[in-house]
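Input: a single structure, listed below in structure tokens.
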Amino acid sequence: MIAYHCLIILVLLNRSDCLEFTIGALLSDDQVVSSFKRMVSTVRDSVYEDAITFKAAGETLALNALKATNQVCNLFNSSEGRMFALIISHPNGAPGSAPLSVSFTCAFYHLPVIGVSARHSIFSDKYSHGSFLRTVPPFSNEASVWVDLIRAFGWREVCVIHSDDHDAKKVLSYLESASQRGIDFKITRQVAINTDEEDAAQMKDFISLLQPVRNEQTRVILLFLRRKFAEYVFLAARKLGMLEAEWAWIVTEQALDASNIPNGVIGVRLLQVTELDHVADAVRIATQSILHLVRTNYDAMKHLYSVKACSDNPSEIQSKSKLPGKSTYMWKDYATKLFRDMLAMNLTDGRTGHLEFNEYGDRIKPIYDIVNAQITNQDINNLSAQKSFEFERPTLVSVGSYGVHQPTPMEWLSDEPHPSLLSINLSKLIWPGNSIVKRQQLVCIQRANDGKCKKTEKRLVHAAPISFKKKTHLKVVTIESVPFVQTRTKLNDKCNESDDPLVFKTEIECTHTDPITGVKKHYCCYGYCIDLLRLLANRTGLELTSTPFTYDLHLVGDGQIGDVDENETHKWTGIIGEILSGTADLAVAPVSITPERAARVEFTKPFKYLGITILVKRERARSNLGSFLQPFESSLWVLVALSVHVVAFVLYLLDHFSPFSRTNSDLDISVDGSGSHSTLRQFDNEKQTNDKNTLTLTHLRQQQQKEEEEGMNLSSAVYFAWAVLLNSGIGEGTPHSFSARVLGMVWAGFAMIIVASYTANLAAFLVLDRPEASISGIDDVRLRNPQKDFLFATIRGSPVEMYFKRQVEFATMYRVMETNNYDSVEEAIQAIKSGSLKAFIWDSARLNYEVSIDCELITAGEVFGRNSYGLVMKKNNPWLYELSQAVLNFHERGIMETLDTKWIHIKSNNCERTESSPATLGLTNMAGVFIMIGMGLVAGAILTFVEVLCTKRKCEQTKKHELSTSTIQQWRDAVQKRQNERYFLNTMDKQMQLCHNTERSFGDVIHHSVAVDKNNLDSSAIYSTNMKNKQLNNPKPNLSMNMKEKYSVIEDDLLSTKGRITRKRKASDYSCDDDGGGDNDALDSSLSFAMPISKDNLKQISEKYYVTTYRCDQVNNYENNDKVELEQEEDQVAQEDYEEEEDFSELIHRSGTFTANNMNNVNHYQRSNIISAV
């Protein structure tokens, strides 16, 4: 910033032209004008080398508005268009018409105006005074000081005497908004005085204006009037005795100048009131703003001209720059910039203190001096020297300040924060009547760093008067209403009373005077409201600092709460009427707070919150056979049952049509390309790995024909769906296909949700089943659409009836109730018990009490039409605030809940209470379940009988089918037997031919064997000898027969064996013709490989012979194990086969022409024939 200013100074040094600005002024007198000119010249001399100079042009302000306007025009002419600001002030107490005229004129020409004495709030209106700002705050700002004083003194009620101008309206607006912001005080009365004409005040009767204020109980007066009108008010107040002790006055700064200001008045004024100090600060604001604008717009300010004459059009005033390429400068634009710079000015070291403005041009954060009008000792001495009847004006003594942050005083113990800007010394204050107020109260003797009090002590300290005057003996009225107030006739001139307020259910003596006869009777009153009255009157045992009171209690004469008579008088009756007439000071009764009553009387904070409810006769809940079906509606049960069968049917379809729902045998019979069976290959493998173990023919057939596993049928699908839903075990019949199992998992999730929801709701419908009312509440269809056989009513002329009358939605109900309403609550409740009335609509507190003492009654539905009961007093009663605070304290400490328990929610042991514990289930609740089990048993028996009949019929049909199938099979077996016989005959013919060929080849073998060496001959001889010995040890059939006969016998044996096996088999997967052809071809191919061998190969041939014999024995063992019933027959067949093999072995031995491959082919041939037969 220093470098910036140096740069500006260097720029100014380089310029040869001198800038001159004129500051105009219209001040209160010539002396102030002279001082103003010296101040301007001082500012000019402080600028380096006179580069910028300020010229002062000032005059004394004329009090006439027209003359003041002419003075402004003269200043325009004398300044030759270089006047950029105007300072204005007027004498103290002079009318403000002249400053208003000057401000309005300058606003038209956009010339900034700085006021130093204008305190009226009209100057804050920027629509009319757009270029006006002031170094003083408006008078209306004193309202903020008043509010903090009210808080500091603890006042709750005030009366305002004010003018009818714009300033007074702003003061009242601020006071009312403060009370709405949570500052607990209210304006009990407002007195407006017409101040348009000065001379009219002499003719006003101020005594008649102040008389209502005198009759009120409020003792705090706020006075907002000018000096002359304040003098008349003080004069009338002195005559009415309103300047004596117990009164308090706070006045505005204008009223402090009154000549007859009374002793003890408190006033607020600005700390600095010297006009020269404000003029000095105004000059500083004007010059610094102009200098700031020069620094930012030097060329513009050099060539800019303001108004030269009043005849100029402010919108057309402009200046042209002498520099080439520069535009013109409009006066309006730069005047607006100059005014904004003035508003943004912040002087922390002004002669009047810290100087700052808001957007309206008003000074903010001013410092006020709080003064007290006191007659000092010197004044008393002067008064004694004069005549006693002469008035001596008191001296204004400073007792505090406002505007600077202050610490919290020690005597402040309220939960609300202390006004931070207020400092007041209560020990210096003198109140009207020259009185000093002291009071015993707790004082903070030690505070923490956060401002909270750590230690208190009770002391006698200076205080302020109470803002209202209240009685200490009250006349209390009530009304008999169970359970709030009940009465009994006083016996033996004594009631059951107690001095301890915490002892409940005690009695108080009360009276009742008949309004017609005037007869007075004495009763003993007790109840909810009686205990509440005792708590309010005697609070010493409750640790409350409020003042206790005494009372006389009586019952209202006409027995009514209160309503407006429909006659010409329109007077209120009942309790409200007695409060308005002054017969009673306080009403402690169940009085509902309604808008009509609140407009005439005052209510405390509610002591009982309640609403409207419906009383009906209790109806016991009836359990039916279908109680267990209540958790779901009928539509949902139908959907669940339908879903079970739909899902079961879809499961059946998915499992039936899915290709993955069946599993075939792992051992499939297939034919390879060579025509040999895979079963035979598996057979060879098993024989090679386990030669010692034998496989039966049944095991072989199980591997070939494993039974196919079928998918689930429709019956299994239905059972599966129900089993999942009912959470029962599933032993079999589950889906096999993946698609069906996915659906099954989804169905299981659905079943889990349905079962869980049913179980939860079943507890609500069965376990927690309680008696219900005949109607559901205010929205019940029998109330909304009234029926002739269902009567409901309330009390005639009561707030409940008015509630239904005002509510449009209850218009139909009100028309029906209007003809059925009762005159008293007792009559309506008796009608409910007798059954002549179905529903009684009334306050919830009374109906809850009736339900608690009578088991046959119950309230229906929720509480609606929220309402509350409050204590009733006349408006502006000084006890209102204190009793309201006491009621709130009782709520916080739970005392009101205790009263509710003692008098309303009475627990009776005679009634069955089901609200706190669940009801026990009985046979009536679960009878439907047992009936369902019985129906299941009957249904199972019927279905079993039906199944027996269906099975019996099915068996008959099965027998018929088996008989026909057996006949057809026998025919097929006969045909197959003939085919097999033809096949074996063809096969044996080929074998016979093979044997003949072998025999012929045998001679050739012997012939070639002669040429074998001697060693081979010896070996052959030895081998022949061993074979003969073996034959001798193992007797065999006679082989001396002719070879043709031998083969004839073998042929017959083979045909016999094949026939027996064919009769036993049931089916064959392969054709006999195909098998036979394949085997014969294999045999022929094997024989074709036969070749002559030498004697050296005879040993190998013998070994092959024994291998052949071993394999044939295995085949015989397989046949022997086929079936138990053919054991003997199979043994014979094995023996015959053995003989056959021996014959073949002999033949092979003799021929010596078979190789190992020949023997394998023969063995393969025999096995194939046996398996094909099986």
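Numbering-wise, the sequence shown is residues -18 to -1, 1 to 1156 according to mature numbering (1 follows the signal peptide of the UniProt record, and there is no 0). Where is the CB? At the ideal position from N, CA and C, for every residue including glycine.
{"query": "Bounding residues of the alpha helix (DSSP H) (the contiguous stretch that carries W704)", "result": "L696 to L708"}
{"query": "Backbone secondary structure at I594 - three-state DSSP", "result": "strand"}
{"query": "Inter-residue spacing [alpha-carbon to alpha-carbon] between G523 and P588", "result": "Residue placement at G523 cannot be trusted, given a pLDDT of 47 that sits under 50; what the coordinates show is reported in the next sentence. Going from the Cα of G523 to the Cα of P588 covers about 22 Å."}
{"query": "Cβ-Cβ distance between D259 and R333 below 8 Å", "result": "yes"}
{"query": "Residues near W554 in its chain [Cβ-Cβ closer than 8 Å; skip 5 each side]", "result": "G544, D545, V546, D547, L562 and R582"}
{"query": "Length of the line joining the Cα atoms of H718 and D971", "result": "55 Å"}
{"query": "Close beta carbons around E838, own chain, < 8 Å, minus the five adjacent residues each side", "result": "K599, R600 and K815"}
{"query": "CB of P447 within 8 Å of CB of W413, strictly", "result": "yes"}
{"query": "Residue range of the unbroken beta strand (DSSP E) whose run includes Y350", "result": "Y350 to Q356"}
{"query": "Where the beta strand (DSSP E) through H400 begins and ends", "result": "Looking at the DSSP string, H400 is not in any beta strand (DSSP E), and its letter there is neither H nor E."}
{"query": "Nearest-angstrom Cα separation, counted from L515 out to N871", "result": "14 Å"}
{"query": "Own chain residues within Cβ distance below 7 Å of M1023, not counting five before or after", "result": "At M1023, the pLDDT of 44 sits below 50, so the modelled position is not reliable; the number obtained from the coordinates is stated separately. Closer than 7 Å at Cβ, skipping near neighbours: no residue."}
{"query": "Meets three-Cβ-pair contact criterion under 8 Å: the segment 850 to 860 and the segment 610 to 617", "result": "no"}
{"query": "Backbone CA spacing between L744 and V737 [nearest angstrom]", "result": "10 Å"}
{"query": "Proximal residues to T6 (C-beta, below 6 Å), its chain only, five neighbours per side dropped", "result": "Checking the displayed sequence, the identity of residue 6 turns out to be Gly instead of Thr. So the qualifying residues of the chain are A39, L57, M65 and L68."}
{"query": "Integer-rounded CB distance, given that P120 should sit under 8 Å from F321", "result": "Not confirmed; about 19 Å, so no contact."}
{"query": "Any C-beta of chain B under 8 Å from that of S826", "result": "Structure shown: chain B not included; a single protein chain is present."}
{"query": "Identity of the residues DSSP links to M65 by a beta bridge", "result": "T4"}
{"query": "Chain-order list of residues whose beta-carbon lies under 6 Å from that of L329 (same chain, five-residue window excluded)", "result": "L337"}
{"query": "8 Å CB neighbourhood of K410 in its chain, flanking five on each side removed", "result": "N354, V379 and V381"}
{"query": "Sheet register partners of M312 (DSSP bridge)", "result": "Q300"}
{"query": "Any 3 or more C-beta pairs closer than 8 Å across the segment 529 to 544 and the segment 488 to 496", "result": "yes"}
{"query": "Status (buried if at least 16 other CB within 10 Å, exposed otherwise) for H504", "result": "exposed"}
{"query": "Simplified DSSP assignment, three categories, for Q789", "result": "coil"}
{"query": "Which of helix, strand or coil DSSP assigns to Y109", "result": "coil"}
{"query": "Assumed close pair P592, S241 - CB separation to whole angstroms, cut-off 8 Å", "result": "The residue you asked about is not Pro; residue 592 is Leu in the sequence shown. No, L592 and S241 are not in contact; Cβ-Cβ is about 59 Å, not under 8 Å."}
{"query": "DSSP state of L222 mapped onto helix, strand, coil", "result": "coil"}
{"query": "Per-residue burial, S309 [other beta carbons within 10 Å of its own, 16 or more giving buried]", "result": "exposed"}
{"query": "Pair within 8 Å by beta-carbon distance, S79 and F114", "result": "no"}
{"query": "8 Å Cβ cutoff met for T189 and A218", "result": "According to the sequence provided, residue 189 is Ile. The question's Thr does not apply to it. Yes, these two residues count as a Cβ contact at 8 Å."}
{"query": "8 Å Cβ cutoff met for R199 and F585", "result": "The question names Arg, yet the displayed sequence has Gln at residue 199. No; because the gap between Cβ atoms is not below 8 Å, this pair is not in contact."}
{"query": "Alpha-carbon spacing of K440 relative to Q428, whole angstroms", "result": "13 Å"}
{"query": "Collapsed DSSP secondary structure at W554 in the structure displayed", "result": "strand"}
{"query": "Residue span of the alpha helix (DSSP H) that contains Y508, given as start and end", "result": "No alpha helix (DSSP H) contains Y508, which is instead part of the beta strand (DSSP E) from K502 to Y508."}
{"query": "Beta-carbon contacts of E491 that lie in its chain and below 8 Å, excluding the five residues immediately before and after", "result": "K472, C477, E479, H504, Y505, C506, C507 and L535"}
{"query": "Counterpart residues of T460 in DSSP-defined beta bridges", "result": "L537"}
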